[in-house]
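**Student:** Chains as they are written, first to last, in this note's numbering: chain A, 177 to 366; chain B, -7 to 358.
Idealized CB from N, CA, C, for every residue including glycine.
1) Just mark residue 234/B as buried or exposed, buried being the case when its beta carbon has 16 or more other beta carbons within 10 Å.
2) Using 8 Å as the cut-off, can you tell me whether the segment 209 to 220 of chain B makes contact with the segment 238 to 248 of chain B, which would need three or more C-beta pairs spanning the two stretches below that distance?
3) Measure the C-alpha to C-alpha separation of residue 226/A and residue 191/A and round it to an integer number of angstroms.
4) Hey, would you say residue 239/A sits closer than 7 Å to residue 163/B, going by beta carbons?
5) Using a cut-off of 7 Å between C-beta atoms, extract the partners of residue 330/B located in chain A.
6) Going by Cα to Cα distance, which pick from 192/B, 206/B, 281/B is closest to residue 314/B?
7) Output, in chain order, the set of chain A residues within a Cβ distance shorter than 7 Å of residue 255/B.
8) Counting C-beta neighbours from all protein chains within 10 Å, is the total for residue 339/B 16 or more, i.e. buried, or is it exposed?
9) Could you give the C-beta distance for residue 318/B and residue 295/B, rounded to a whole number, given that I count them as a contact under 8 Å?
10) Of the residues 198/A, 243/A, 351/A, which one's Cα is nearest the Cα of residue 328/A?
11) Quick check on residue 301/B - is its C-beta less than 7 Å from some C-beta in chain A?
12) In the structure shown, what three-state DSSP assignment does residue 324/B receive?
13) Can a CB atom of chain B be found closer than 7 Å to the CB of residue 191/A?
14) Do the segment 319 to 335 of chain B and the segment 121 to 133 of chain B make contact, defined as three or more Cβ pairs closer than 8 Å?
15) What do you get for residue 144/A, buried or exposed, if any count of 16 or more other CB atoms within 10 angstroms of its CB means buried?
16) Which residues in chain A have a C-beta closer than 7 Å to the C-beta of residue 107/B? List them in chain order.
17) Pick helix, strand or coil for residue 309/B, following the three-state DSSP scheme.
18) Quick one: Cα of residue 36/B to Cα of residue 140/B, how far?
19) Measure the alpha-carbon distance for residue 2/B versus residue 26/B and round it to whole angstroms.
20) Please report the distance separating the alpha-carbon of residue 360/A from that of residue 279/A.
21) Can you tell me the Cα-Cα spacing of residue 338/A and residue 305/A, whole angstroms?
22) Count the other C-beta atoms from every protein chain shown that fall within 10 angstroms of the C-beta of residue 299/A, then say buried if there are 16 or more, exposed otherwise.
23) For chain A, check one thing: does any of its Cβ atoms lie closer than 7 Å to the Cβ of residue -3/B?
24) Can you list, in chain order, the residues of its chain whose CB lies under 6 Å from that of residue 74/B, leaving out five sequence neighbours each side?
25) Write down every uninterrupted run of the beta strand (DSSP E) in the segment 96 to 173 of chain B whose length is 3 residues or greater and which is fully enclosed by it, in chain order.
26) Restricting to Cα atoms, I'd like to know which of 159/B, 180/B, 189/B, 176/B is closest to residue 274/B.
27) Can you give the Cα-Cα distance for residue 21/B and residue 289/B, rounded to whole angstroms?
28) Are the beta-carbon atoms of residue 265/A and residue 256/B separated by less than 7 Å?
29) How big is the Cα-Cα spacing for residue 65/B and residue 147/B?
30) My output table needs one value for residue 38/B: the three-state DSSP class, helix, strand or coil.
31) With distance defined between alpha-carbon atoms, name the residue in 260/B, 67/B, 47/B nearest to residue 142/B.
32) Strictly under 7 Å for the Cβ-Cβ distance: is residue 226/A near chain B by that measure?
33) By alpha-carbon positions, which one of 49/B, 229/B, 78/B, 89/B ends up nearest to residue 151/B?
34) May I have the straight-line CA-CA distance separating residue 193/B from residue 199/B, to the nearest angstrom?
35) Only counting the same chain, and skipping five residues up and downstream in sequence, which positions put a Cβ closer than 6 Å to that of residue 182/A?
36) Taking residue 125/B as the reference, which of 14/B, 210/B, 34/B, 337/B has the closest Cα?
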């Protein structure tokens, strides 16, 4: 890996910024260079809030990434805005609980993750961001699952009950992505 | 100390505390309000003063008054707020007081927008207020550098008894990157602040002023300032070179976050077999004049490309320094539009395609 960029996008309150920060923290723990850049521009209500995380083995140049290696989209406006921008060969993680469309692109790998459903089933709809984070790590392997668990323990560990839910859905997202990637790999070979 | 992930604004605030700042005055404005938010919490912890004033005009004047006590004082704001402080900044410079001003620039003119820009270069470097004065201006391009330069700026302000400005665009304020704060931070020794107004009990009062009605006295004050700026030019010049090589035909000149975007363009072009170098001034005043000139007049350099997040401000300094030795091209976006690495690459490629005008080929005699 030279450099990997991921844009996380959704509406305010979906934990987009937090998920991106957790990823950035994990990157640091793995001794990588990281940049986390939020969108802070004026956005329409119900529009998109997004952040981009760059993880690299070497010094990071531009913090502005127009075409990321991966995008995690949490709502429909984010899907519309970012799915066309993913680099060919990249990843698109779609929160299929809230987005009922799929991409027409054949040059990227799309993962449909019912993040809100998984979060609700685990006991708290607000952890949908951690489901996607887990799925992203499973699909990209950009940071290790173990390190991510460590970071979540230290950053979100204040309430034991919430921590358990967070770690539970992280694993669910992670495993789901592994399964999807496995199947996608088989399809390619066939 | 391990590296921690910090937002630029918070890192700047923490850096100021660690450099011994005990007084911070502010008025909130996007995209730098987190400096104030952070210090509202932290200043009381270190026994310092956090004060939100009624306007930036007030902030500037409180800064002036507090600087006169010899304490380390600073403020932060963004473009329109910095404009409101200009009168006080001129007074502070005229009265030879140290202070630090952080400008996290946004698009202008007027109220402008809230997105990143570099269109306050003239204001920062050429003197936004009236009179023969200068600010020492430092422009970080990463959060770590923002920390290092903020800490340094308090030392430099004391060294020269002059305001120091740290300028970054909105990205420097909003971005998070790993930072490390120096352990056992030490500065070179500074002269005692025997000018400070600390209460005149048992001594003659110290008088701090910028009013000199006698023209000879006022000229003398300006000459004192001038000598300080000349000293800065020999002692405080800072710059960085990136992938400059004798075979390069083009030299890019860019500062702050824009320089990083150019670095990405340079790396990508390198992968395509095109070698381009970057000159990044870190001190914008004093400008690294000799250093730039040396790079520009290298044998193979045919053109200089200045890239800014403005409609063209630093390019005027580059023109002044290069003095026609090489043709200079400019590319910039403004108003909060940030040029992408792709745009920078396109500009470089365009420039490479064009016939050089710098060194016309000698015609072979028939």
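**Tutor:** By the coordinates alone:
1) Buried, by the Cβ-count rule.
2) Flag = no, the segment 209 to 220 of chain B and the segment 238 to 248 of chain B do not touch.
3) Going by the C-alpha atoms only, they are around 10 Å apart.
4) For residue 239/A and residue 163/B, yes; Cβs fall inside 7 Å.
5) The contacting residues are 240.
6) Among 192/B, 206/B, 281/B, the Cα nearest to that of residue 314/B belongs to 281/B.
7) Within chain A, the residues 237 have their CB atoms less than 7 Å from the CB of residue 255/B, given in chain order.
8) Residue 339/B should be labelled buried.
9) Cβ atoms of residue 318/B and residue 295/B come within 8 Å of each other, at about 6 Å.
10) Looking at 198/A, 243/A, 351/A, the one whose alpha-carbon comes closest to that of residue 328/A is 198/A.
11) No, residue 301/B does not count as interfacial toward chain A.
12) Residue 324/B falls in the strand class under three-state DSSP.
13) No, its Cβ sits nowhere closer than 7 Å to a Cβ of chain B.
14) Counting C-beta pairs closer than 8 Å gives fewer than three between the segment 319 to 335 of chain B and the segment 121 to 133 of chain B, which falls short of the contact rule.
15) Residue 144/A cannot be examined here, being either before or after the span of chain A that is shown, 177 to 366.
16) Those are 217, listed as they occur along chain A.
17) Three-state DSSP puts residue 309/B in a helix.
18) Going from the Cα of residue 36/B to the Cα of residue 140/B covers about 23 Å.
19) Answer to the nearest angstrom: the Cα atoms are 6 Å apart.
20) Cα-Cα distance, rounded: 15 Å.
21) Spanning the two alpha carbons is a distance of roughly 13 Å.
22) Under this definition residue 299/A is an exposed residue.
23) Yes, its Cβ sits closer than 7 Å to a Cβ of chain A.
24) These residues qualify, in order along the chain: 95.
25) Listed in chain order, the beta strand (DSSP E) elements of length 3 or more contained wholly in the segment 96 to 173 of chain B are 128 to 130, 155 to 161, 168 to 171.
26) Minimum Cα distance to residue 274/B is reached at 159/B.
27) If you take the alpha carbons of residue 21/B and residue 289/B, they lie about 42 Å apart.
28) For the pair residue 265/A and residue 256/B, the CB atoms are not nearer than the 7 Å cut-off.
29) Rounded to the nearest whole angstrom, the CA to CA distance from residue 65/B to residue 147/B is 12 Å.
30) The three-state secondary structure of residue 38/B, taken from DSSP, is coil.
31) Closest by alpha carbon: 67/B.
32) Chain B, which has no Cβ nearer than 7 Å to the Cβ of residue 226/A, makes this no.
33) Checking every option, the nearest Cα to that of residue 151/B belongs to 89/B.
34) Rounded to whole angstroms, the gap between the alpha carbons of residue 193/B and residue 199/B is 14 Å.
35) Closer than 6 Å at the Cβ level, and outside the excluded window around residue 182/A, lie 229, 244, 246.
36) Measuring from the Cα of residue 125/B, the nearest candidate turns out to be 210/B.
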